[in-house]
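K.L.:
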Amino acid sequence: MKFGEHEYKVRGLAPYAPARQAEHAQAALSAVFGLEPTTPARFAWKRRGPRYRLLLETTLGLRFDAVAAGAQRIVEESLLAWARLMRERHGGDRLALGGGVFMNVKANGLIAEEPWLRDLFVFPSCGDESNAIGAAYLGWLARAGVGAAPTPFGPAYLGPAIDPAGVETLIRTRDLATKYRVTEHERIEERIADLLVSDGVVARCAGRMEFGARALGNRSILANPSDHRVVGTINRMIKNRDFWMPFAPSILREREADYVMNPKGLASPYMMLAFATNPKRRDEIAAALHPQDATARAHLVDEAWNPAYHRVLREFERRTGIGAVLNTSFNLHGEPLVASPEDAVDTFERSGLPHLALDRWVISKK
């Protein structure tokens with residue numbers, strides 16, 4: 011992990027901490043950083059002044075998972091207090107959120123449980139690129155006039171599309187049929203489902219690329235969510251994820267009640283909420299859950315938003331009875347999401363992935 015870049019990853023450790031140690035860490039961190047609204051914390055790492063030394067003293071003897079849990083508790087309490095304050099100031103029962111701190115799916119899940127909240131939307135991208143969407147809405151409202159209601163954002167498949175003719179050319183010019191087994195399928199979704207059942211793991215590159223921080227089926231590595239072995243397989247092949255960082259399930263929207271606890275029926279098209287899971291069917295998606303607390307960063311797949319990906323899940327359901335697949339981003343560790351067919355083939359060749367479903371072709375290592 012890199013300093014200044016991967017700190018968010020340690021939040022996945024929080025569920026491992028014993029409650030008493032988590033409370034101790036929360037108190038220690040609160041004392042160091044002084045999170046009162048009138049006294050914002052300023053922390054200078056390079057100078058290593060009194061606050062730095064106090065941090066070392068107060069966390070001495072605490073396990074790393076306890077420190078992560080203490081930080082997570084502070085974030086959750088702060089965001090809940092902020093959401094309640096916004097409710098007091100502005101009223102309403104619908105909340106839209108954006109920015110890096112709201113990539114914290116556990117905190118978002120707690121906000122979603124607030125009794126007054128009827129609907130929650132969390133924008134799926136937290137960097138400067140999201141300003142383009144805000145600018146588009148602002149321009150639309152300026153033209154439409156006061157009181158106009160814009161169409162809600164989504165679906166997020168705004169990136170470049172896959173051109174079948176370009177894929178054919180790529181297969182020919184890269185001589186892929188000589189190096190690999192290349193087959194064309196009229197009903198590619200059925201073939202993907204067959205491979206998920208037999209081999210467990212398939213990379214999928216089809217349709218338009220996702221906008222934002224999450225892979226939503228079109229640039230994804232898919233796996234059988236009921237097979238614990240696929241976690242180690244994917245990590246060895248391509249991802250090299252730390253043990254505490256869970257994968258996520260893509261779940262047919264019509265099957266959500268079988269797998270996640272969502273009493274308000276909130277939409278979750280972008281994996282921005284953590285849900286408790288249904289213990290009766292938990293084993294069917296166990297590989298896609300957090301290994302410690304069995305929560306799910308669920309992607310609920312609506313047929314109208316992505317018919318082809320919905321068909322993949324449907325075909326897998328027909329073969330297994332499971333209405334979900336494990337979904338993780340199609341990229342090598344530390345690299346961006348694949349965009350083009352060339353990217354997909356390059357990543358396939360540099361990894362241990364056994365199968366690549368590229369538009370209507372399947373490329374398999376012999």
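Residue 11 is where the sequence shown starts when you use my numbering, and the numbers rise one by one after that.
For glycine and all other residues, C-beta sits at the position ideal for the given N, C-alpha and C.
#1: Expressed to the nearest angstrom, what Euclidean distance is found between the alpha-carbon atoms of Phe253 and Ala159?
#2: What three-state label does DSSP hand Asp191 in the structure shown?
#3: Quick one: which unbroken alpha helix (DSSP H) runs of 4-plus residues sit fully inside the region 102 to 135? Chain order, please.
#4: In angstroms, rounded to a whole number, what distance separates the CA positions of Ala354 and Leu368?
#5: Let me confirm a value: Met397 is counted as buried when at least 16 other C-beta atoms fall within 10 Å, else exposed. Which label applies?
#6: So which of Val207, Leu276, Asn341, Glu200 has the shortest CA-CA distance to Thr330?
#7: Inspect the beta-carbon positions of Ile295 and Ala284 and report whether they are closer than 8 angstroms.
#8: Helix, strand or coil for Ala166, going by three-state DSSP, please let me know.
#9: Considering only the alpha carbon of each residue, which of Ile84, Ala308, Thr243, Glu359 lies closest to Gly333?
#10: Between Leu336 and Pro259, how many whole angstroms is the CB-CB distance? I'm expecting something under 8 angstroms.
#11: To which residues of the same chain is Glu352 closer than 8 angstroms at the C-beta, ignoring the five residues directly before and after it?
#12: Taking buried to mean at least 16 other C-beta atoms within 10 Å of its own C-beta, is Thr357 buried or exposed?
#13: Using the rule of at least 16 other Cβ atoms within 10 Å of the residue's Cβ for burial, across every protein chain shown, is Asp293 buried or exposed?
#14: Can you give me the start and stop residues for the beta strand (DSSP E) that His309 sits inside?
#15: Nearest to Asp303 by alpha carbon, out of Leu72, Leu70, Ala79?
#16: Which of the three DSSP states is assigned to Asn234 in this structure?
#17: Per DSSP, what kind of secondary structure is Phe285 in: helix, strand or coil?
#18: Taking Cβ to Cβ, would you say Val311 is nearer than 8 angstroms to Leu262?
#19: Taking buried to mean at least 16 other C-beta atoms within 10 Å of its own C-beta, is Asp75 buried or exposed?
#20: How about Phe131 and Ser140: do their beta carbons lie closer than 8 angstroms?
#21: I'd like to confirm the pairing. Which residues does DSSP put opposite Val270 in its beta bridges?
#22: Can you grab the Cα-Cα spacing for the pair Lys116 / Ala187, in whole Å?
#23: Might you give, ordered along the chain, the residues of its own chain that have their beta carbon closer than 7 angstroms to the beta carbon of Glu199, omitting 5 neighbours on each side?
#24: Where does the unbroken beta strand (DSSP E) through Ile373 begin, and where does it stop?
#25: Give a yes or no on whether the C-beta atoms belonging to Ala171 and Arg201 are separated by under 8 angstroms.
#26: Bridge partners for Thr338 per DSSP, in chain order?
P.N.:
A quick look at the data gives this:
#1: 44 angstroms
#2: Here the sequence assigns Arg to residue 191, which means Asp is not the residue at that position. In this structure, Arg191 counts as strand in the three-state DSSP scheme.
#3: 115 to 122
#4: 8 angstroms
#5: In the structure as shown, the chain starts at 11 and stops at 376, and residue 397 therefore has no counterpart that could be examined.
#6: Val207
#7: no
#8: Note: Ala166 maps to coil in three-state DSSP.
#9: Closest by C-alpha distance to Gly333, out of Ile84, Ala308, Thr243, Glu359, is Ala308.
#10: 6 angstroms
#11: Excluding positions up to five away in sequence, the list reads Leu180.
#12: Using a 10 angstroms sphere on the CB of Thr357, the tally of other CB atoms reaches 16 or more, which defines it as buried.
#13: exposed
#14: 309 to 311
#15: Ala79
#16: coil
#17: Reduced to three states, the DSSP call for Phe285 is strand.
#18: yes
#19: Asp75 comes out buried.
#20: Cβ atoms of Phe131 and Ser140: not closer than 8 angstroms.
#21: Thr287.
#22: Taking the straight line from one Cα to the other gives about 45 angstroms.
#23: Ala318, Arg321, Val322, Glu325
#24: 371 to 374
#25: Judged by beta-carbon spacing, Arg201 lies beyond the 8 angstroms limit of Ala171, meaning their Cβ atoms are not closer than that value.
#26: Ile231
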